[in-house]
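Colleague: What the sequence shown shows, in our numbering, is residues 2 to 236, in sequence order.
Beta carbons: idealized from backbone N, C-alpha and C, even for Gly.
All of these numbers come straight from a predicted model, not from anything done at the bench.
Let me give you the structure first, and then I'll get to my questions.
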Amino acid sequence: MTYNILNGAGVETLSPGNREWAEERGYSGNRLPQVLDVVKSVSPNILGVQEAHQWDLGEPAVAETVAQELGMHYFLARSGNSGSGYAHVVLFSKHPILSAEGFTSQFTRAALHAQIQLDGNQILHVFVVHLDSTSSAVRQQECRFLVSQMAPHIDGATVLMGDMNSIEGQPESDILRNAGWRYLAGPGTHGGWALDQFWVSPSLAERITQQPHIPGGATVEVSDHLPLVMGISVP
2 MTYNILNGAG
12 VETLSPGNRE
22 WAEERGYSGN
32 RLPQVLDVVK
42 SVSPNILGVQ
52 EAHQWDLGEP
62 AVAETVAQEL
72 GMHYFLARSG
82 NSGSGYAHVV
92 LFSKHPILSA
102 EGFTSQFTRA
112 ALHAQIQLDG
122 NQILHVFVVH
132 LDSTSSAVRQ
142 QECRFLVSQM
152 APHIDGATVL
162 MGDMNSIEGQ
172 PESDILRNAG
182 WRYLAGPGTH
192 GGWALDQFWV
202 SPSLAERITQ
212 QPHIPGGATV
222 EVSDHLPLVM
232 GISVP
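The following block contains the structure:
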């Protein structure tokens, strides 16, 4: 499951401009309880969150509180860009996270790579990303970096998930596809556009299972993105 929760789901102290932007579009106040309700309705084994603004703050940190509430392990990759509001990304997993690293300087927002230990000691490589929102040229550069990091794992079980800020068929997706990665088509998640995406290694492309159902009204006024859920059977 991947979910752009919009400005940290309102838990952080936003700048006046960001707060007004969200409120004008009907996303006001602390929306974290609604986000948790949506996630719990799906109960994913793995969850990637984008726009986790200030989820690294607090005692305990917001991300840790969410992990405890969901009964999951977690890793937060910080954004080094204050211009994006420090749009961190977070990976949550019901399975142990063996190792994880964040990519701070290579993205205008954030990205991470983690190794997750599944049952039977199977290793799953997961990349959670949030690409640039303004420039296709920058996104293409970010995709080329992703491809360089993902290449050693293309013959294994590998999943890329997140907000790509572009749609399939644009140059960003061509970079991934030409490198051998497979796009998993899903519904539009942002104004009808499929900005939130899953890409997988060839070995997983034919192992898609039924997508869990999300109650129709659960996502109303929670975020400007809908969550995207894919069922993948790892061999």
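Rounded C-beta distance between L119 and E52? I'm assuming under 8 Å.
Modeller: The residue labelled residue 119 in the question sits at position 118 within the sequence shown. The residue labelled residue 52 in the question sits at position 51 within the sequence shown. Contact flag wrong, Cβ pair sits at about 27 Å.
Colleague: With contact counted as at least three CB pairs below 8 Å, one residue from each stretch, are the region 195 to 206 and the region 154 to 172 in contact?
Modeller: Flag = yes, the region 195 to 206 and the region 154 to 172 touch.
Colleague: Check the C-beta distance from V201 over to V43 and give it rounded, since I have them as a contact under 8 Å.
Modeller: Walking along the sequence shown from the start, residue 201 turns up at place 200. Walking along the sequence shown from the start, residue 43 turns up at place 42. At roughly 19 Å, the Cβ-Cβ gap does not stay under 8 Å, so V201 and V43 are not in contact.
Colleague: By the 10 Å Cβ neighbour count, where 16 or more other Cβ atoms means buried, how is S16 classified, buried or exposed?
Modeller: Counted from its first residue, the sequence shown places residue 16 at position 15. Unreliable placement is indicated for S16, whose pLDDT of 48 sits below 50; the coordinate value is still reported in the next sentence. Flag for S16 reads exposed.
Colleague: Less than 8 Å between the CB atoms is what I'm expecting for L113 and A78, so what's the real figure, rounded?
Modeller: To locate residue 113, count along the sequence shown from 1; it is residue 112. To locate residue 78, count along the sequence shown from 1; it is residue 77. That pair is a contact at about 4 Å.
Colleague: Taking the straight line between their C-alpha atoms, what separation do you get for Q55 and Q142?
Modeller: On the sequence shown, position 54 is the one that residue 55 refers to. On the sequence shown, position 141 is the one that residue 142 refers to. Between Q55 and Q142, the C-alpha separation is close to 26 Å.
Colleague: Please state the DSSP three-state secondary structure of V63.
Modeller: Taking the first residue of the sequence shown as 1, we reach residue 63 at position 62. Of the three classes helix, strand and coil, the one that applies to V63 here is helix, per DSSP.
Colleague: With distances taken between CB atoms, is the gap from L161 to V235 smaller than 7 Å?
Modeller: Residue numbering aside, residue 161 sits at position 160 when the sequence shown is read from its first letter. Residue numbering aside, residue 235 sits at position 234 when the sequence shown is read from its first letter. No, the pair does not count as a contact, with Cβ atoms beyond the cut-off.
Colleague: Could you tell me the boundaries of the alpha helix (DSSP H) in which L33 lies?
Modeller: Position 32 of the sequence shown, counted from the start, is the residue given in the question as residue 33. Unbroken alpha helix (DSSP H) run through L33: L33 to V43.
Colleague: Strictly by DSSP, which residues pair up with M162?
Modeller: Counting from one through the sequence shown, the residue named residue 162 turns up at place 161. M162 is bridged to V129 and F199.
Colleague: Could you check where the alpha helix (DSSP H) with I176 kicks off and where it finishes?
Modeller: Numbered from 1 along the sequence shown, position 175 holds the residue referred to as residue 176. That run of the alpha helix (DSSP H) goes P172 to N179.
Colleague: Looking at the secondary structure, which residues open and close the beta strand (DSSP E) in which V91 lies?
Modeller: Within the sequence shown, numbered from 1, the residue matching residue 91 stands at position 90. Segment V90 to S94, the beta strand (DSSP E) holding V91.
Colleague: Looking at the secondary structure, which residues open and close the beta strand (DSSP E) in which V50 lies?
Modeller: Start at 1 with the first residue of the sequence shown, and residue 50 comes out as number 49. From DSSP, the beta strand (DSSP E) with V50 extends over I47 to Q51.
Colleague: So what's N5 in DSSP terms, helix, strand or just coil?
Modeller: Along the sequence shown, one-based indexing puts residue 5 at 4. Note: N5 maps to strand in three-state DSSP.
Colleague: Mapping DSSP to helix, strand and coil, what is H154?
Modeller: Indexing the sequence shown from 1 puts residue 154 at position 153. Here H154 sits in helix by DSSP.
Colleague: Could you compute how far the alpha carbon of T135 sits from the alpha carbon of G121?
Modeller: In the sequence shown, residue 135 corresponds to position 134, counting from 1. In the sequence shown, residue 121 corresponds to position 120, counting from 1. Using only the alpha carbons, I get a separation of about 42 Å.
Colleague: Relative to the alpha-carbon of P153, which residue among A180, T210, F93 and F104 has its alpha-carbon at the smallest distance?
Modeller: Locating residue 153 in the sequence shown gives position 152, counting from the first residue. Selected option, being the one with the closest Cα: A180.
Colleague: Alpha carbon to alpha carbon, how far is T220 from P203? Give it in angstroms, no decimals.
Modeller: Reading the sequence shown from its first residue, position 202 is the one you call residue 203. Reading the sequence shown from its first residue, position 219 is the one you call residue 220. Their backbone Cα atoms lie some 31 Å apart in a straight line.
Colleague: Can you tell me the Cα-Cα spacing of C144 and G163, whole angstroms?
Modeller: As a working mapping, residue 144 is identified with position 143 in the sequence shown. As a working mapping, residue 163 is identified with position 162 in the sequence shown. Straight-line Cα distance between these residues: approximately 12 Å.
Colleague: Should A101 and F76 be called a contact, given that it needs their Cβ atoms to be closer than 7 Å?
Modeller: Looking up residue 101 in the sequence shown gives position 100. Looking up residue 76 in the sequence shown gives position 75. Closer than 7 Å, so yes.
Colleague: Out of F146, A158 and G218, which has the shortest C-alpha to C-alpha gap to A206?
Modeller: To locate residue 206, count along the sequence shown from 1; it is residue 205. Taking only the C-alpha atoms, the option nearest A206 is A158.
Colleague: Please state whether the Cβ-Cβ distance between R32 and A10 is less than 7 Å.
Modeller: Residue 32 sits at position 31 when you count from the first residue of the sequence shown. Residue 10 sits at position 9 when you count from the first residue of the sequence shown. The answer is yes: Cβ separation under 7 Å.
Colleague: Would H226 be called buried (16 or more neighbouring beta carbons within 10 Å of its own) or exposed?
Modeller: In the sequence shown, residue 226 corresponds to position 225, counting from 1. Per the 10 Å Cβ criterion, buried.
Colleague: DSSP has R183 in a bridge; who is on the other side?
Modeller: Within the sequence shown, residue 183 is the residue found at index 182, counting from 1. R183 pairs with V201.
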